[in-house]
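Residue numbers (this note's numbering): 100 to 362.
One structure is given here, and the rest of the page talks about it.
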């Protein structure tokens with residue numbers, strides 16, 4: 100289909116410096132969006148200035164900031180903009196992204212935003228279903244522990260609520276914590292021990308399986324989640340698979356922007 104029209108779809112991600120996980124996650128989400136909305140020209144922006152600078156220095160790859168992507172779209176004649184973040188929650192990054200895009204609204208015919216992954220109650224149930232499809236035969240006597248990022252933003256409460264929702268949907272052996280906020284590793288370890296599990300599988304609850312997954316979660320350092328669970332007497336295995344690799348999660352992002360476009 101002709102993509103020379105006025106419609107542009109901007110996928111906004113935090114970003115990652117780990118190329119292998121980017122290809123499986125961010126690239127895969129963007130490819131799915133492009134396939135679902137062939138009448139839209141696809142654009143990319145990342146919100147982490149640090150990662151953008153690192154990629155340019157290390158790999159010679161230029162990734163646009165949100166503001167740069169908006170200027171690029173306008174220069175290309177795009178005046179109808181749809182924005183889909185790959186953010187997990189409505190936190191600091193999403194707030195800033197929204198403000199950056201809206202700074203251009205006077206120069207656009209229209210702009211709409213798809214919501215982050217966990218926005219509504221329906222999202223919570225759908226995300227849990229999509230995630231657990233990836234672990235269909237997970238043993239009931241073992242613990243599946245997800246590492247979210249965590250934030251100082253009030254939206255961080257989503258993580259504890261989702262942990263509760265896992266239990267409410269019948270997954271009493273699934274636990275969700277964060278690396279930078281609450282629920283913390285200490286909280287998770289108490290809950291896992293109370294559950295009676297001796298074996299633990301760690302998995303990232305982040306779109307990409309990047310630095311946090313490789314270092315804070317599964318690294319050999321004594322402070323990693325893996326090392327601390329092992330030091331506490333648990334048998335630990337790690338699943339280095341970002342949420343963006345899950346088919347059901349990618350479909351949810353596409354559904355979010357579809358709803359925004361249809362009004």
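Beta carbons are placed, not taken as given, at the ideal position from N, Cα and C, and that holds for glycine.
Contact annotation: the stretch 327-345 does not touch the stretch 137-147, with fewer than three C-beta pairs closer than 8 Å. The straight-line gap separating the alpha-carbon atoms of residue 307 and residue 104 is approximately 32 Å. Contact check for residue 272 against residue 239 passes: the beta carbons are separated by less than 8 Å. Counting every other CB atom within 10 Å of its CB across the protein chains shown gives residue 263 a total below 16, marking it as exposed. In this chain, the beta strand (DSSP E) harbouring residue 106 covers 106-112.
Between residue 165 and residue 111, the C-beta spacing is below 8 Å. Out of 150, 155, 211, the CA that lies nearest to the CA of residue 361 is found in 211.
Note that the stretch 120-129 does not touch the stretch 156-174; fewer than 3 beta-carbon pairs, one per stretch, sit closer than 8 Å. Per DSSP, reduced to three states, the secondary structure at residue 268 is coil, with no helix or strand assignment. Counting C-beta atoms within 10 angstroms of its own C-beta, residue 129 has 16 or more neighbours from the protein chains shown and is therefore classed as buried. The beta carbon of residue 218 is closer than 7 Å to those of 189 in its chain, skipping five residues each way along the sequence. Shown here for residue 171: same chain residues with a beta carbon closer than 8 Å to its own, the five before and five after excluded, namely 142, 163 in chain order. Of 259, 179, 253, 246, the smallest CA-CA separation from residue 139 is found for 179.
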